[in-house]
Every structure is written in C-alpha cells, then in structure tokens.
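J.: Chains as they are written, first to last, in this note's numbering: chain A, 1 to 306; chain B, 307 to 590; chain C, 591 to 1444. We put the CB at the ideal spot given by N, CA and C, even for glycine. Before anything else, here's the structure in question.
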Amino acid sequence: MKSYYDRPLLKGPHWGANVVTYLFLGGIMGGLGLISLLSDDRPEPAMKKLRKATRYTAFALAAINPPILISHLGRPERFLNMLRIVKFKSPMSLGVWGLVLYSGAAGANALRELADDGIVPSALRYVAPSATVPIQALLGAFMAGYTGVLISATAIPLWGTGKRHIPAFSVCSGAASASALATLLSTLQGNHEVIPRLERLEMAASALEIVTIADFRKRGGRATAPLFEGRVGKRLRDYTILGGIVVPFVLNAVGGAVRLPKSIDALRSIAASMLTLIGGYVLRESLIEAGKLSANDPQAAFRQPS
Amino acid sequence: MATGFFTDATLCIGCKACEVACKQWNELPSDGFEFTGNSYDNTSQLSGTTWRHVDFVERESFDESGLKTSWSMVSDVCKHCTNAGCLEACPTGAIVRNEFGSVFVQPDICNGCGYCVVSCPFGVIDLIEAVGRGDDAKKYGLATLHDDRLNDRKTAVQATGGVAGKCSLCFDRQRVGMVPACAKACPTESIQFGEIEELHERAKRRVETLQERGVEARLYGADDIGGGIGALNAFFLLTESPEAYNLPVEPVLPSTRQTMGYAAAAAAALTLATIGWAIFRGDS
Amino acid sequence: MPGLGTSFGRGGATVWLPDLENADCILIQGSNFAEAHPVAFRFVMKAKERGAVIIHVDPRFTRTSAVADLYAPIRSGTDIAFLGGIINFVLQNERYFREYVAAYTNAATIVGENFVDTEDLDGMFSGWNDETKSYDTSNWNFERNDDGTLRRDETLQHPRCVLNVLRRHFARYTPEMVERVCGTPQKEFLKIAELLARNSGSERTTAFAYAVGWTQHTTGVQFVRTAAILQLLLGNIGRPGGGIMALRGHANIQGATDVPTLYDLLPGYLPMPSALRDEGSLERYLARNTKATGWWANMPKYIISLLKAFYGDAATAENDFCYGYLPQLIGDHSVLPTTFAMKDGTVKGYFVIGQNPGASGQNAELVSSAMERLDWLVNIDFFDNETVSFWHREGADPTKIGTEVFFLPGATVLEKEGTMTQTSRVLQWHDKAIEPIGDSKSDLWYFYDLGKRLKALYADSQDPKDRPILDLAWEYDHEDERERAAGEPSALRVLRELNGFTVADGKQVAGFADLAADGSTACGCWIYSGVCPDETTNHARGRIADARSSPGWGWAWPANRRTLYNRASADPAGNPWSERKKYVWWDAQKREWTGYDVPDFPKAKDPATPARPGASGIDAHSGADPFIMNLDGRGQLFVAGALADAPMPAHYEPLQSVIENPLYAQQSNPLLREWKRDDNRYNRSVDPDYPYVLTTYRITEMSGIMTRYIPWLAELQPEAFCEIDPELAVEKGIANGSHVTISTALGEMEARALVSGRMQPLRIGKGQRVHQIGIPYNYGRMVGFARGDSPGDLIALSMDPNVSIHEAKSLTCSIRPGRRAARSAGSIEAPVPTEQQRAYGAGSAHGIDAGERR
Ligand SMILES: Nc1nc2c(c(=O)[nH]1)N[C@H]1C(S)=C(S)[C@@H](COP(=O)(O)OP(=O)(O)OC[C@H]3O[C@@H](n4cnc5c(=O)[nH]c(N)nc54)[C@H](O)[C@@H]3O)O[C@H]1N2
Ligand SMILES: Nc1nc2c(c(=O)[nH]1)N[C@H]1C(S)=C(S)[C@@H](COP(=O)(O)OP(=O)(O)OC[C@H]3O[C@@H](n4cnc5c(=O)[nH]c(N)nc54)[C@H](O)[C@@H]3O)O[C@H]1N2
Ligand code: SF4
Ligand code: SF4
Ligand code: SF4
Ligand code: SF4
Ligand code: SF4
Ligand SMILES: [Mo]
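Dropping the structure here:
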C-alpha cells in the first residue's frame, strides 16, 4: 500500500550531539558504578587508586550531564520541570530521577574518597554510608540501561524493533566505555596493575555487545535497515563495530597474551580505550541518526511489532 | 464524559477551513510557503504549528465503464488516544488528560525535551521551534510587510518558544461551552464534535447508511486500535485504506515496550556484573 | 443576469440556498460549487445525505466532482451543445413535464412566419444585417391575434408553436453530436440526461447551479438561457428543490447589481436613460419602458419614486421629477470599452474601489498601460495591490509615468456597518465590530464626503448644469453622535431610503405596493422595498432560521420571497403538484395563497381567474400564470427580441477555439465584440501554434489580494500553478512541480505545473485528442505571501453582446517547460495605438477567424 506522497508518517527525534553525549555519558556512568563496586574495599593500593578514579570521574560526569541536558532544553529552569513528577511509564522521567539519585550516590561516594584523601574534613566521611556503593552500582546499571529503554520504548520503528537489543547493548557499551575510560585514566596515572582486569572486563562487555548487535541485525527487515545500511550503517560498521569493538578487542587480547614493552603497551592500551570510547559515542549517535531515518519511512511505521 | 471528534471523509470537501480556523484561534504561525506538487496539499502534515491538516488523495483506476477518478480528502488531527504515547512519555507532566478526556499539552510546563515527539505512534505532536520577531516572524508569515502591529504581536507560540505543540481539542473553548474552532468552521459537518459515546453511535449509523449505498466505508479508531493504545477520541470514517492518509494500521503504544527493555538491560547488567565479579574478585 | 431575466422575469437566482436541500437531483455545471462556495455547498451535501443525486459537469475534476455522485468532463465553452443535447433528449423522448409546460410556459405560443432558424441558415437566425452586424430582432416576434394578444395553440400541434420550433432547433443536438462537440462520452451524457428526466415531474425536482463557468463566455447569456429552457421543460422552476441557483461572486455581487455598479442600470433593474433609444424625456422613457401587461406596468411608480429619492424636494411633477438630471447613455460604457478609452486617452481619471484589475483583469497589461495614460487614479483599499502599484510593475519605467495616484485607506467589513445582498437575494445586515485602523474610512464615508465637498464647491453656482449636484438629496448623518462627529454616514439611513418612504410624513413604506407615480413616495430601490417597513424594523438583521424557508433569516427581495415564481409549485388549479413537493398553494377556504413561503402572486387571486387581455399589469394574466413579471405571465422557452444574439441558444465556438464549429458554418457568436489591435492580440482558432484549451477559475484557498496577504491561506496554495493532464506532461517533458510557461498571442505567464489525472484529454471533433489546461486566476506578481503570474497576461479582451462580459473561461494556448523571461525595467513600452489596426499582431498566419463562415 502506498503511503501519502511518500511522506513520513512519524516525526523523528529533534536530538543532536548534546543528547547523544548525554546518553553516552549515562552509559559510562553506569559502567563506572560497576567498577567502583568491583574495586570497593580492596586493600591493594592499585585497586584503591582505581576506586578513587572511578568515583571522582563518576561524580564529575554526574555533574556535567545535567548541563548537557539543559543545553538541549534551552533554559536551566526547564530541567527542574522534570522534577515535578515521577512517572514510571516514562523512561525519560525515571532516567532523570535515576540521574539525580545516581548523582547523590556518586556524590556520597566521592565525598568519602575526598575525606579519605583529607581534602575535606574526615568527619564528613560518615555523612555517606557505605551502602551508597552498591546503590550507585545499581543506579548505574539503571543509568546504562535506561538510555537504551528511553530510545527503544518509542514509536520509531527501528528503535521499537530493538526493544530487547538496544537496552542490552546500551548496558554493554556503557560498561565497555567505562572500562575503557578507567583504563585510560589508569594508564595516565601509571596505575598499570589494574589495567589487565579492566581490559578483560571491557572485552567481555564488548563481546556481549557485538553479539547483541549482530543478533539485532539478524532480525533484518525494513525496520532495522536504517541502522545497518547506508551512511549510518557504514559509520556504525567503521567506528563502532570495527573501530570500537573488534580492533580494541584484538588489541586487548594481544595485551593480555603478549608482554609488550611498557611504553608500547601503554600506547596500545590508550589506543584501545580511545577507540572503544569513540565507538561507544558513535553507537549512540548512529542510533539517533538511524532513528531519524526510520521515522521517515512510513512503510516501516504502518505496521509495528508490539 | 469524554468529548472528541468523528471526522467523516465522505463529507469532506477539502476546503481547509478547519486548518485555517485552528491556526486563527490558536494563533499559530504558517509553516512556510512551499509548493509541493502533491495534489492540493501544500502544508503536507500535522506539525507543531499545524494542528489540523487536510489530506488529499488522488486515485485513477479503470473499470468496464472507463476511467474512474477519485479525490478523497480527510482532515487529520491528534487522535487523543485512550492510552496516549505522548502523555505517557512526557517527563514533566506537561501533557495531561483534562476533564474532557482530551490529551492536553500545558505549554508553560513543557520543557521542550521532545520525548513526546518520538512517542506518538501517529506522528502527530511535534516541537515548535522558537519563533521570534523580525526576520523569523516574516519567514513564518507572522507579520505582514507593512503592519507594525503585527510585527509586535507575540502569539502564544512565540511567547513560549521551543515547546511541543498539537491539537488541544480547543480546551479553552470547551471550557466555556464552545465547539472547537475546526468543527465550528467545517461547512459540511465532516468534523463532528461531541461526546464520544454519541459520536460512536452516529458513526456506526453512518457506516451502515454508506454501506447500504454501496460505499466502502470503514471506521478508524472508533474501536480499540490495538497495540495497547485503545480507542481514539478522535476517530475517522475512511473510504481508502488508512495507509493512503499515512495512518498506521498496527500502531503500538511505546510504553508497552518498556518492561522488556528493562528486563533486557537488567539481564545484560547482571551478566556483566557476574563476569566483572569473577574478573575483579574471583581471587578473593 | 438577462439569461434568467428574459426567461423568467427577474435577474436573480430563482431559489434560495437552503432550499437545495430539498432537491432530488442537483446538476452543477459552470460552477465549482464546493470550492468557490464552500459554505453554501453544505446544502448540497445535505441533499446528498438525503439521497439526492449530485452531478458535476466541468472541464476539470474538482473538489466538487470529488463529492458528486457523477462527474462528466466537458470541453470548455460547449455547454449549449451539452444542455441542448438534453433538451433534445427530453423533447424526443417526451420526457418533459407536459402539464407544467403547457400551462406555465410559452410552448404553445406561435412564432411569426418571418422567423428562420439556424438550422436553415447554417448557424444564423433570420434578420441578420451584415452592415450593422446585428439582428433585426423583429424577425423573431410572435404571431398575434387581432386583439393584439399572442396567438397560441394549446394542443401544441402547430408547426410554428414554440415547442415545435424548439424540437426542430435542437434536433441536431444528438448524443453523438454532444460527444463530438463537448468531448463528453455519450454514455455519461445519456446517464445524466436520464437522471435529470427521472428526477423531474410532479413528485420530484431537480435544481441547477451555475456561476461564472457559464457566464464568462462570448455566449454566456445563452448558456444560462439553455439551462432556463431545460428547467422549464422539466417543470422545475418555482418549485421546492428545483430552480436555477445562480451563484454570485464576492459577498455583495448580487447587491452590486441590484443597486447597480452597472453603467446601464438604475437601482432595481430600471434601465438607464439612453440617448440611443430616444429617452430624452420622462415621458418618452416611460413610453418605452412601461409594459402594458405584467409587473413592469408599474414602472412609472418605481422610476418616479427613485427620482424623488435622488432629488428630494427639487423633484416635482412640473420638472419631470428632475429626470433630465440623469445622465444618458451614448454608447457602451462598460468596463472593457472604458479601459480602451483610457488607453486611447479619452478617459482621464479612474476610481478603482474594491477591485484589483491590475491582476484579476483580463489583459492586465493593457489595463496597467491604460492607467499609465491617466491624469489621476484613485484607489480605496486596505492592501497595496497590483493596480495601485501599476507604475512600478515588472518591466515598467516609473520615470515615464505621469499618473497621479491617490491611495486611500479603506475600512474592512468588520470596521463598518451595512448590508450585503448575498447570492440568494437575501440582505444581511452586519454591525461594525471594531474601529477602523488609523485613517481608514468606510467606502460610504468617502462617497458621502465627496458628495458633501462637491456640494460645497458648487454652493454658489447659478449654472443650471450644476443643479444635479446642488439638488441631490444628501442627508445621511449618523444617528450615533460619535459616528456623526467622525463624519460617518448612517448605513441604516441609506437602507431606509432604499426601502422607500412617504414624502409627506417621512414614514417608511411597507412595501413596493405602496409606491406611487405621483411623487408622493420616494424609494431608492423598489425591489428592496419592505426591508425596513416601519420606523423600527430592519428585517436584514433577522437571524431566525426554521426548517423550511426561514423567512426570519435576513430579508430576500422581492417582498421576502425565498423561491421565486413559487405559484408554479402548485398546479393550475392551485393544488400542490404532489404532497412531496408541496410549497405554495391556494387555500380555497380562506380564498388566498398560502404555504411555506411568501407567495409570489397576488395573495387573493383565485387560480380560476381568467386572463383579461385588455387589462393592464398583472390583471391581464390569468390566475394560473406564475411568471408575473413577464408580459404573458409565462416562462419563456423562446425569447422574442429581448436578447441581441438569439431567441433560442445555438452553439457557437468560443472566440478562440481549437476546432471548427461542428454544428454550423458560423464559427463563433456573430455578435461577439473584439478589439483587434496590437495591445490586444487574439489567437486565431484552429491554430496549431495554440493547440490546447485554456480555462481559468478560482480556488478555495485564494481570493485575490485579501487572501494572498494572509499567511494561513498563503501557505495552503503558495504559488501560481497550472493543472495539466499526465499525457500532456509526458508529451511536453513537464515534471510535476516544475516551472512551465504558458503563452498566447497576447503574452506569457509562468506557473508551477500540477500534473494530475484529474485532468484528462478529451476526444472531440473528428477524433481529435484535446488537452485542457487550467489556471487559477487568483495570483498576482507584486504583493502578498502567495505570489505568481495571473492568466490576465494571456487573455485578450473580448465581450459578449448582451452583458459586456469578457471571455475568460474558454481560450487557447500553448505550453512549454521552463520559466518565462524576466521583463526588464522599461522593456514594456505601452504602444500608442495610432489607428485600430485590423491585425493579429504576433499571432500566426494559421487558423481561422472567429467571425468566419465556411
Ligand atoms: N475561494 C474563493 N471563492 C470565491 C472566489 C474566490 O476568488 N475565491 N470568488 C467569488 C467570485 S467573484 C465568483 S464570481 C464565484 C465564481 O464561482 P465559480 O464560477 O464556481 O468559480 P470558477 O472557479 O471561476 O469557475 C467554475 C468552474 O467552471 C469551470 N469551467 C470553465 N469553463 C467552463 C465551461 O465552459 N463549462 C463548464 N461547465 N464549466 C467551465 C472551471 O473548470 C471551474 O471549475 O466564486 C466566488 N467565490
Ligand atoms: N482569468 C480570470 N479572470 C477573472 C475571473 C476568472 O474566473 N478568470 N473572474 C472574474 C471575476 S468573477 C471577478 S468578481 C473578478 C474579481 O476580481 P477583483 O474584484 O479584482 O478581486 P479581488 O482581488 O478580490 O479584489 C478585491 C479588492 O477589494 C479590496 N476590498 C475588499 N473589501 C473591500 C471594501 O470593503 N472596500 C474597499 N474599498 N476595498 C475592499 C480587496 O483588498 C482587494 O484589493 O475577477 C475576474 N477575473
Ligand atoms: S495521537 Fe499522538 S499526540 Fe495525539 S494523543 Fe495520541 S500519542 Fe498523543
Ligand atoms: S517536549 Fe514537552 S510535552 Fe513533550 S515530552 Fe517533553 S516536556 Fe513533555
Ligand atoms: S480542536 Fe481546536 S486545537 Fe484541535 S484541531 Fe480543532 S481547532 Fe485546532
Ligand atoms: S473544514 Fe470540513 S470540509 Fe473543509 S477540509 Fe476541513 S473537514 Fe473537510
Ligand atoms: S468566504 Fe464568506 S461568502 Fe465565501 S464561502 Fe466563505 S463564508 Fe461564504
Ligand atoms: Mo465574480
């Protein structure tokens, strides 16, 4: 059946780089929560260093994400409108509350580290109970996941079709990117000991991610085409699949298997991390861009899978 | 008691009075001046600033009596869904269901996040880009070239800027007992406004009459449309398939996709947490 | 509207819009009803809901066609052939409403022996004078008995009785011929003929609706005449759900002919005195225009009351009520000849009010270049427009134009009070809703002020030639003090004067029956008499609707009758033709006419009253003669003498046509008026350079300037476009939405192509495939959000012989892909016509001349 003068049935997202960044950082915050939990209470100095790095970074990201969102909304007070209500049916609403709570937890954990480092009075350490660590991790999982749910629980055919896949690989991508960011920070800090573990975590997350994406692609059909074909598909393949998953995976695998000279190994790990991060960003960007294309395809929108 | 629209394509003469009456009442700007070549439709779609839109579908077919031309028109509008994707998605509570059962956007609460836009299965609601004065106003045809009064006028839309826009079912008019502007303007009663129950009755009778006369008529959205959306408070009588007017046949309410999404995310998170635990704490 | 006037007696729609709802069938032809009259169209839709069949016959498949039950294509300009075909069908198959025709029409009247038909003269009627290029219409007169009454053969057997003359005249309008001329497939045509016949008669009625699709032709009046004949034969006039709905144009176009802006009429359809007709004195005027029988026997009352309204106390029986003050016609002063006179330097000044001929006029460039030669131009409007800005139009050189232009700000309808007379003759009052912006003033204010200034200017004059100004009754000061202070005249006072009053006491008259010929009454427009029947009533304000004829809604002239000639809704004995179609009938008990409407008949005149040949006025008619305005009280199937070009319509090709007239050797209307000059070049007919039919029209979204300035409307149809069929598009390599240039010998215009299957080529003549191109005329180049060229650039001026209307509906043209060349500044030199050349200018040497006979 022909559509109406080939005009789009749906309206595409009005979302640009700021929303992409917001979603991307949300994923990383999720992953950082996990790493913060995994490195919690470990006596090794390297782990302690990693713990501190993830907690400070998580808090920093939690602090800059609202301004990024605001840059999309236009005016600061508009962010507050989100805090009028809690709406369980709206991933955007839950997400913002997730972000707020995550910021709280991340702030508490960061505060403990600050006290620990003597930057703030050590008494403040008791303001934040240690339960905030698993809480931050849980909220983090939510943060990484909701960025996927936010996209997939919409009317856009591509996104709706990926209602399982998109949240799943968003979590994976968030974890991989967080691992990559932690690797990067550790490399810069010279905290080499934690890197193999981080890289293994990253490899696991990437592996799960690529499998999920592959499975999504296998669904095929008109609805998923915008993500995997054409300009967007090429970018996704080059930057996310190859550059952001396969290459870093290989580099990480090489790093795990072969002992390289220190400086080269550092370069390898920096490269792998950077590529993963770029891949993670491009994944979100491709999703949004492909969502716009998908909205323009009335045929895919006429009949949607539930 | 919910009110809504029964829009009957067989009575529409494509005069677009509804489109214009809506813009006038709601002080909406024009969407630009572009000739499309698509029949008599140059506004093309519902938008943040076009809340009624008349579709023009031309068809030619041949049968034993020769060429048959048909030109079918219908005025599209927000469906005011029983379960509305836009309303559910809105994180600020700007979109509410009002006392008339209509889905209403409160422009002062909307923050322009645009989430409703991708959550409407009918492609109705959209963001209104900020429309300012001067050149912008001219571009959107808000001001005439000579009238300063018009240059200074700030429409409701201009004043808010960057908010979601769609049919309000003329909440302001309904509150004072007036019929919505579009229905009021419609010369042929193609747009009928009233209580839903009564409109359903009328629609069923109308379909019967038309079918008796050999007209292929069907209702769209009078009953549950599926996908979790339920019935539509603005429903239609069509003579062409819904696709011909870019109306979805099997739309889905986005929020029904959430549970599965969270579950998938949780599964992935749990898997990674387990692996991570093994990697980081496996030795402890 | 002499097509209706000569047939039925009054130049107005015979029905009122809501009555269309009662029709069993509606034929819409010559109008794009749904698009040009969308609000009125609701009644057509209601009729459809009630099961009526809606038929649309139009060159294009439009929004009207879309909701019609049946659409048939037709070649523009051929409706006489189409309707003539139906007349033939109805007569051949004896499908006419015999009783009605016999009793209420002049079917039985015997046509004189001198009459020779087009059938025998190959397209000409008897009486043609080749020198004067006109008919001696006395050749078409009826035969009379010795007592001066018309001879009739009630058996309808006489070979020269009108019915049989009609039969012979239309015999060659066969379905095959209709297809050859109109391109309408025979099957469709016959379906329509059958539907009309089936939906007429005592139990059912069919209504016709037309507008300018029928009038803007060199044969326009005869189009309407053909419809009138058909409706009389089918017995549909004066009956509910029947009649002919003449859809008028702008809000007050009906009003503008009732209280006319036409040069040859005075208010109430009284003829303007003419020196050409020897009407130099009131006596001679009355002698010519007062009819012995029928309503026009009352003429003296109306003209004298009008003169009393004009000149007040100065008008006395001794001075012929100042009749001599009235101007007398010395020629055709209608707009087209006047435009040429401007161009040729005879006319020096121009008031343009409520019109934009610089865009909507035919040969708009001629109009503009004519304005260049004026001393002054006054335009009252609320928008800058192509007329007032003619001096900086594309291609003009302002430095060479000396016209002094006065652009005065007008008030919009919301900013002033008054009445509009809408399409079904209903006067509707509107109040002033807001104060006009800035210096804007109502049109009434300008005229009132101008009158007062002229009076002041001549106040001291002793010159007799200035008396008309000084004696003019000019007192319309507003009742409201604030308005009075602003110099605003009272529209109500104007309306009350139109209604008329008794001179002695200044009391309103109740209706035109109260008017007298002795100067004791004054009345500005006799047909409006009754709208303000006393000191406190203004019926135009009425807004009470009822289920039937709504006499409380506004006020319809004459005497608040909604359906004219409604006596015909009852049979000769005064009983309804049928229960279903009951409307006005004779109440034998009360001995009066009664029903749902105001009877269009003397209230107490018994249907059995015999005709009294010697009596004057309608007393001469019998109690069964419903067309009271006409001499014989009957509907005129054959019009003897009142129209210049034909007593019965004959098909002629448009002035510019793509084929040779398949019916007669006479190509076009022999009386059509052309101006063959360099600045008004025509395409010749059958010219291969101009092979396509061109027609023009309006669209719902646009109505000229007022809509082009409104963004909400401009966005709906933002640019000039033209509609072409897909076959032609392929042949010419024209893509949908691309720019095309359409040209005629006169000029070029560009537009966006709208390629649509709604346009279809027709098979006409000897199997020739003809493409029709349609162009909306509502655009203009200079102002507004929606812009574009207007077909006014393509259409040379021509004129029909009866009402001086231009031919804008059926023309020829060529088309090519791409845009037209820009006109650079100063590129258009207004050519100064030294003599009126008989030359076709840039036209080609092919083709034939409109006046040609083969
Ligand atoms: N929206 C809008 N409404 C208007 C106006 C406007 O400008 N805009 N103008 C008003 C005015 S001033 C007027 S006079 C009326 C006019 O009202 P209409 O006469 O209804 O309008 P038009 O569009 O000029 O022409 C009617 C139809 O005639 C067809 N036609 C052309 N030639 C022929 C022919 O030879 N035979 C037949 N059968 N059909 C033919 C055209 O294709 C067109 O569809 O509309 C009034 N209403
Ligand atoms: N080719 C082609 N040409 C046509 C036609 C066609 O079918 N084809 N149709 C013809 C017909 S039927 C008509 S009626 C004409 C219409 O042609 P026009 O009468 O020239 O049409 P408009 O553009 O409506 O012009 C009306 C002008 O009056 C102004 N106006 C409105 N109200 C008032 C008022 O109250 N006071 C004053 N002072 N001004 C006012 C408006 O602003 C506008 O400038 O076009 C004719 N031209
Ligand atoms: S049609 Fe779209 S905008 Fe309207 S109520 Fe339904 S979801 Fe909301
Ligand atoms: S754009 Fe406004 S109405 Fe739409 S979801 Fe966001 S806050 Fe709600
Ligand atoms: S109900 Fe009101 S807001 Fe909605 S389309 Fe009609 S006029 Fe516009
Ligand atoms: S106003 Fe009525 S008839 Fe006109 S386009 Fe709208 S729905 Fe159709
Ligand atoms: S513009 Fe006025 S006159 Fe014309 S259809 Fe609309 S309401 Fe009627
Ligand atoms: Mo007109």
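Taking just the CA atoms, how far does Leu822 (chain C) sit from Thr695 (chain C)?
T.: Distance between the alpha carbons of Thr695 (chain C) and Leu822 (chain C): 7 Å.
J.: Does the beta-carbon distance from Val360 (chain B) to Ser381 (chain B) come in below 8 Å?
T.: Cβ atoms of Val360 (chain B) and Ser381 (chain B): closer than 8 Å.
J.: For a contact defined as C-beta to C-beta under 7 Å, what are the partners of Ile319 (chain B) on chain C?
T.: The answer, in chain order, is Ala624, Pro628, Phe631, Arg653 and Val657.
J.: Enumerate in chain order the residues of its own chain whose CB-to-CB distance from Ala1232 (chain C) is below 6 Å, with the five nearest sequence positions on each side excluded.
T.: Counting only Cβ-Cβ distances below 6 Å, and skipping sequence neighbours, we find Thr596.
J.: Considering just the uninterrupted stretch of the alpha helix (DSSP H) at Pro1026 (chain C), what are its terminal residues?
T.: No alpha helix (DSSP H) contains Pro1026 (chain C), which DSSP labels as neither H nor E.
J.: Can you list, in chain order, the residues of its chain whose CB lies under 6 Å from that of Glu1243 (chain C), leaving out five sequence neighbours each side?
T.: Counting only Cβ-Cβ distances below 6 Å, and skipping sequence neighbours, we find Asn1251, Gln1257 and Ser1258.
J.: For Gly160 (chain A) versus Arg563 (chain B), is the C-beta distance shorter than 8 Å?
T.: It is a contact, given that the beta carbons lie within the stated cut-off.
J.: For a quick check, are the C-beta atoms of Gly27 (chain A) and Ser186 (chain A) less than 8 Å apart?
T.: Not a contact, by the Cβ cut-off of 8 Å.
J.: Is Gln1012 (chain C) near ligand 2, with its Cβ less than 7 Å from a heavy atom?
T.: The answer is no for Gln1012 (chain C).
J.: Is the closest heavy atom of ligand 8 to the C-beta of Gly839 (chain C) under 7 Å?
T.: Yes, ligand 8 has a heavy atom inside 7 Å of this Cβ.
J.: Please determine, among C:Val1345, C:Val1360, C:Leu746 and C:Ala1335, the residue with the shortest C-alpha to C-alpha distance to Ile1385 (chain C).
T.: The shortest Cα separation from Ile1385 (chain C) among C:Val1345, C:Val1360, C:Leu746 and C:Ala1335 belongs to C:Ala1335.
J.: Does Thr906 (chain C) pass the burial test, meaning 16 or more other C-beta atoms within 10 Å, or should it be called exposed?
T.: Looking at its Cβ environment, which holds fewer than 16 other Cβ atoms inside 10 Å, Thr906 (chain C) is exposed.
J.: Quick one: is Thr1126 (chain C) buried, meaning 16 or more other Cβ sit within 10 Å of its Cβ, or exposed?
T.: That one is exposed.
J.: Could you tell me the alpha carbon to alpha carbon distance between Pro649 (chain C) and Ser1247 (chain C), rounded to whole angstroms?
T.: If I take the Cα positions, the gap works out to 14 Å.
J.: How many angstroms separate the CA atom of Ile119 (chain A) from the CA atom of Ala180 (chain A)?
T.: When rounded, the distance between both Cα atoms is 27 Å.
J.: Go ahead and label Thr565 (chain B) buried or exposed: buried means 16 or more other beta carbons lie within 10 angstroms of its beta carbon, across all protein chains shown.
T.: Thr565 (chain B) is exposed by the Cβ-count criterion.
J.: Is any heavy atom of ligand 2 found at a distance shorter than 7 Å from the C-beta of Thr1002 (chain C)?
T.: Flag set: Cβ of Thr1002 (chain C) near ligand 2.
J.: To which residues does DSSP link Trp1019 (chain C) through a beta bridge?
T.: For Trp1019 (chain C), which the question treats as bridged, DSSP gives the partners C:Thr1009.
J.: Excluding the 5 residues flanking Ser496 (chain B) on each side, which residues of the same chain have their C-beta closer than 6 Å to its C-beta?
T.: Same-chain partners within the cutoff: Asp314, Leu317 and Cys318.
J.: Let me know if Gln517 (chain B) comes out buried or exposed under the rule of 16 or more other beta-carbons within 10 Å of its beta-carbon.
T.: With fewer than 16 other Cβ atoms within 10 Å, it is exposed.
J.: Using alpha carbons as the reference points, say which of C:Lys1399, C:Arg1298 and C:Leu1401 lies closest to Ser336 (chain B).
T.: Comparing Cα positions, the closest option is C:Arg1298.
J.: Quick one: using the 10 Å Cβ neighbour count with 16 as the cut-off for buried, is Arg55 (chain A) buried or exposed?
T.: Buried is the call here.
J.: Give me the Cα-Cα distance between Arg1359 (chain C) and Trp1167 (chain C), rounded to the nearest whole angstrom.
T.: Between Arg1359 (chain C) and Trp1167 (chain C), the C-alpha separation is close to 46 Å.
J.: What do you get for Asp1070 (chain C), buried or exposed, if any count of 16 or more other CB atoms within 10 angstroms of its CB means buried?
T.: Asp1070 (chain C) comes out exposed.
J.: Any contact between the segment 483-497 of chain B and the segment 410-423 of chain B? By contact I mean 3 or more CB pairs, one from each, below 8 Å.
T.: At 8 Å Cβ cutoff, the stretches do not touch.
J.: Buried or exposed: which applies to Gln464 (chain B), given that a residue is buried once 16 or more other Cβ atoms fall within 10 Å of its Cβ?
T.: At Gln464 (chain B) the pLDDT is 45, less than 50, meaning the model places this residue with poor confidence and gives no usable figure here.
J.: Ile68 (chain A) bridges to which residues according to DSSP?
T.: According to DSSP, which records beta bridges pairwise, Ile68 (chain A) is partnered with nothing at all.
J.: Where do the ends of the beta strand (DSSP E) carrying Leu543 (chain B) lie?
T.: First-last of the beta strand (DSSP E) with Leu543 (chain B): Ala540 to Leu544.
J.: Can you grab the Cα-Cα spacing for the pair Glu1340 (chain C) / Ser1380 (chain C), in whole Å?
T.: Whole-angstrom Cα-Cα distance: 9 Å.
J.: Which residues, taken in chain order from the segment 1341-1367 of chain C, show a beta carbon closer than 9 Å to some beta carbon of chain B?
T.: Per Cβ criterion, the list reads Arg1342, Ala1343, Leu1344, Val1345, Ser1346, Gly1347, Arg1348 and Gln1350.
J.: Are the CB atoms of Val423 (chain B) and Ala470 (chain B) within a distance shorter than 8 Å?
T.: Closer than 8 Å, so yes.
J.: Using a Cβ cut-off of 8 Å (strictly closer), state whether Leu1303 (chain C) contacts chain B.
T.: Yes - at least one Cβ of chain B is within 8 Å of the one on Leu1303 (chain C).
J.: Are any of the Cβ atoms in chain B nearer than 8 Å to that of Phe798 (chain C)?
T.: It does not; no Cβ of chain B falls within 8 Å.
J.: Taking Cβ-Cβ distances shorter than 9 Å, what residues in chain B pair up with Leu785 (chain C)?
T.: Correct list: empty, because the minimum Cβ distance to chain B is about 15 Å.
J.: Determine the DSSP secondary structure at Phe262 (chain B), reduced to helix, strand or coil.
T.: With chain B running from 307 to 590 in the structure shown, residue 262 (chain B) is simply not present.
J.: With 16 as the cutoff for other CB atoms within 10 Å, does Ser306 (chain A) come out buried or exposed?
T.: With fewer than 16 other Cβ atoms within 10 Å, it is exposed.
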